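Residue numbers (this note's numbering): 1 to 247.
From the three backbone atoms N, C-alpha and C, an ideal C-beta is built for every residue, glycine too.
Given the structure is predicted, the values throughout are model-derived calculations rather than measurements.
Comments concern the structure below.
Right, here's the structure in full:
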């Protein structure tokens, strides 16, 4: 019996109805979500026997797990983000930005001090303004000409107190902020356990209270907060999501 002629995996995905078109098929393959038989396929031109079972791995809702954190906050807090212009501080791969777009924001400024981190899908989205290699302390109306009425922040290796003041100025006493509070970066170094873990529940509460006092001095207050359902990736720290508004 003659064996079936092998075909490109991206073509097979289209024929099987697993991808809308060739471009979508190629993106799926390069994202590592396609499995032929028992092996993952990561090159669109890979030749596969048409008789081989082809399936898709479970796809994540957001480009990074940070999106799951923000989604939990949007579910918990009474905030409607649809139609808003958002500023995402510490965008990195774009988990927060992706979540905001899926929730209906009109535009998001994705800012990160690093370069080349933002997911390609978000880079190509016309609703995303990419601000790479920019520190939050250098924010200005030249960089962000729109009126910002929603800001998010997910930063590491620095305190939120060091990055938020320029954001407050851009917002001009309006809108909401959703902040990922990471106790390991808010605590004095001598209070952080080996591996960057803040294991003391009371210390976490004290750090949050201190941050709330600082916010009050800036004219803002924490309206609600929840523990993040996703622990810190490397440390396993319990992080908190804060809903903050101007007084």
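Where residue i sits in the DSSP three-state scheme
| i | result |
| --- | --- |
| residue 54 | strand |
| residue 1 | Because the pLDDT of residue 1 is 44, which lies under 50, any placement of that residue in the model is unreliable, and the question is left without a value. |
| residue 224 | strand |
| residue 72 | helix |
| residue 152 | strand |
| residue 181 | strand |
| residue 231 | coil |
| residue 18 | coil |
| residue 239 | coil |
| residue 34 | strand |
| residue 122 | helix |
| residue 139 | coil |
| residue 246 | strand |
| residue 111 | strand |
| residue 9 | helix |
| residue 93 | coil |
| residue 40 | strand |
| residue 271 | Because the chain spans 1 through 247 in this model, residue 271 falls outside it and cannot be assessed. |
| residue 86 | strand |
| residue 23 | helix |
| residue 63 | coil |
Same chain only: Cβ atoms within 7 Å of residue i, ignoring 5 sequence neighbours per side
| i | result |
| --- | --- |
| residue 155 | 89, 90 and 163 |
| residue 130 | 110, 118 and 123 |
| residue 16 | 54 |
| residue 215 | 221, 222 and 244 |
| residue 187 | 198, 203 and 207 |
| residue 166 | 136, 137 and 139 |
Rounded Cβ spacing between residue i and residue j (contact assumed at less than 8 Å)
| i | j | result |
| --- | --- | --- |
| residue 247 | residue 210 | With 8 Å as the limit, residue 247 and residue 210 do not qualify as a contact, their Cβ atoms being about 18 Å apart. |
| residue 203 | residue 191 | 6 Å |
| residue 81 | residue 66 | So it is not a contact: roughly 16 Å between Cβ atoms. |
| residue 30 | residue 42 | 7 Å |
| residue 6 | residue 241 | Between residue 241 and residue 6 the Cβ distance is about 49 Å, and since that is not below 8 Å, they are no contact. |
| residue 84 | residue 150 | 5 Å |
| residue 152 | residue 86 | 7 Å |
Cβ neighbours of residue i in the same chain (closer than 6 Å, five flanking residues each side left out)
| i | result |
| --- | --- |
| residue 224 | 77 and 243 |
| residue 132 | 115 |
| residue 230 | 65, 68 and 69 |
| residue 79 | 176 |
Close-in-space but distant-in-sequence residues of the same chain around residue i (CB under 8 Å, 5 per side omitted)
| i | result |
| --- | --- |
| residue 134 | 111, 112, 113 and 143 |
| residue 101 | 108, 122, 125, 127 and 128 |
| residue 173 | 219 and 246 |
| residue 26 | 10 and 44 |
| residue 40 | 32, 34 and 57 |
| residue 197 | 184, 235, 236 and 237 |
| residue 95 | 62, 63, 64, 65, 66, 67, 68, 69, 70 and 154 |
Environment of residue i [buried if 16+ CB atoms lie within 10 Å]
| i | result |
| --- | --- |
| residue 1 | In this prediction, residue 1 has a pLDDT of 44, which is less than 50 and means its spatial position is unreliable; what the coordinates show is noted afterwards. Exposed is the call here. |
| residue 10 | buried |
| residue 147 | exposed |
| residue 177 | buried |
| residue 213 | exposed |
| residue 236 | exposed |
| residue 294 | Shown here, the chain extends from 1 to 247; a query on residue 294 therefore has no answer. |
| residue 239 | buried |
| residue 98 | buried |
| residue 227 | exposed |
| residue 12 | buried |
| residue 207 | buried |
- Task: Decide if the segment 59-72 is in contact with the segment 127-145; the criterion is three or more beta carbon pairs, one per stretch, under 8 Å apart.
- Result: no
- Per the contact definition of three or more C-beta pairs closer than 8 Å, is the segment 49-57 in contact with the segment 24-40? yes
- Item | Touching by the beta-carbon criterion (3+ pairs, under 8 Å), the segment 69-77 and the segment 114-129 | no
- Query: Does the pairing of the segment 169-183 with the segment 147-161 give three or more beta-carbon distances under 8 Å?
  - Reply: yes
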